[in-house]
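K.L.:
First the structure, then my questions, so here it is.
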Amino acid sequence: MKVSILSIRMRSLKEKEFESTKRKDVIRFCKDVCEAHKQGKLQGKDVVWEFVKDILHSLMHAKAGRRYSTSTKSIYEMIMLWGGPRLHSFIPLNLDGPSIYMTLR
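Heads up: the sequence shown begins at 541 in this note's numbering, then just goes up one per residue.
Below you can see the structure in the form of structure tokens.
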């Protein structure tokens with residue numbers, strides 16, 4: 541019995557998040573974000589936090605009323621510089637981010 545207990549591997553936070561996303565389990569995803577915050581995994585990662593907040597905010601508001609933080613705009617600028625206009629167009633289609641024209645401004 542002790543051998544079977546020792547052989548059990550705990551899933552990491554990343555694995556739990558991937559599994560809940562695959563099942564489209566929103567409540568589990570939110571719990572994982574809260575757990576990461578409690579464990580201090582988001583400490584010092586303000587850019588990631590702002591990016592996630594901006595994406596969620598943009599999903600809930602009309603296209604004309606969206607506002608993005610400076611860090612999110614910087615992420616999309618880097619996508620535009622390193623990946624080009626095609627990648628920049630692809631990512632906002634899936635994440636609901638700013639348009640290419642907003643990034644160029």
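Even for Gly, the Cβ is constructed at its ideal location relative to N, Cα and C.
Which ranges does the alpha helix (DSSP H) cover as unbroken runs of at least 4 residues, wholly within the stretch 558-617, from first to last along the chain?
P.N.:
As far as the stretch 558-617 is concerned, its whole alpha helix (DSSP H) runs of at least 4 residues are 566-578, 586-600.
K.L.:
Pick out whichever of Asp-636, Arg-606, Pro-632, Leu-644 has its Cα sitting closest to the Cα of Leu-621.
P.N.:
Nearest of Asp-636, Arg-606, Pro-632, Leu-644 to Leu-621, Cα basis: Leu-644.
K.L.:
Under 9 Å between the Cβ atoms of Leu-586 and Ser-611?
P.N.:
According to the sequence displayed, residue 586 carries Asp and not Leu. Yes, these two residues count as a Cβ contact at 9 Å.
K.L.:
Ignore the nearest five residues each way along the sequence and tell me which others in Pro-625's own chain have a CB closer than 7 Å to its CB.
P.N.:
Ile-640.
K.L.:
Quick check: what's the CA-CA separation for Ala-576 versus Ser-629?
P.N.:
Near 30 Å, if we compare the C-alpha coordinates of Ser-629 and Ala-576.
K.L.:
Counting C-beta neighbours from all protein chains within 10 Å, is the total for Ser-598 16 or more, i.e. buried, or is it exposed?
P.N.:
So Ser-598 ends up on the buried side.
K.L.:
Using CA coordinates, which residue listed in Cys-574, Phe-569, Glu-590 is at the minimum distance from Ile-615?
P.N.:
Measuring from the Cα of Ile-615, the nearest candidate turns out to be Glu-590.
K.L.:
Assign Ile-619 to buried or exposed, taking buried as 16 or more other Cβ atoms, counted over all protein chains shown, within 10 Å of its Cβ.
P.N.:
So Ile-619 ends up on the buried side.
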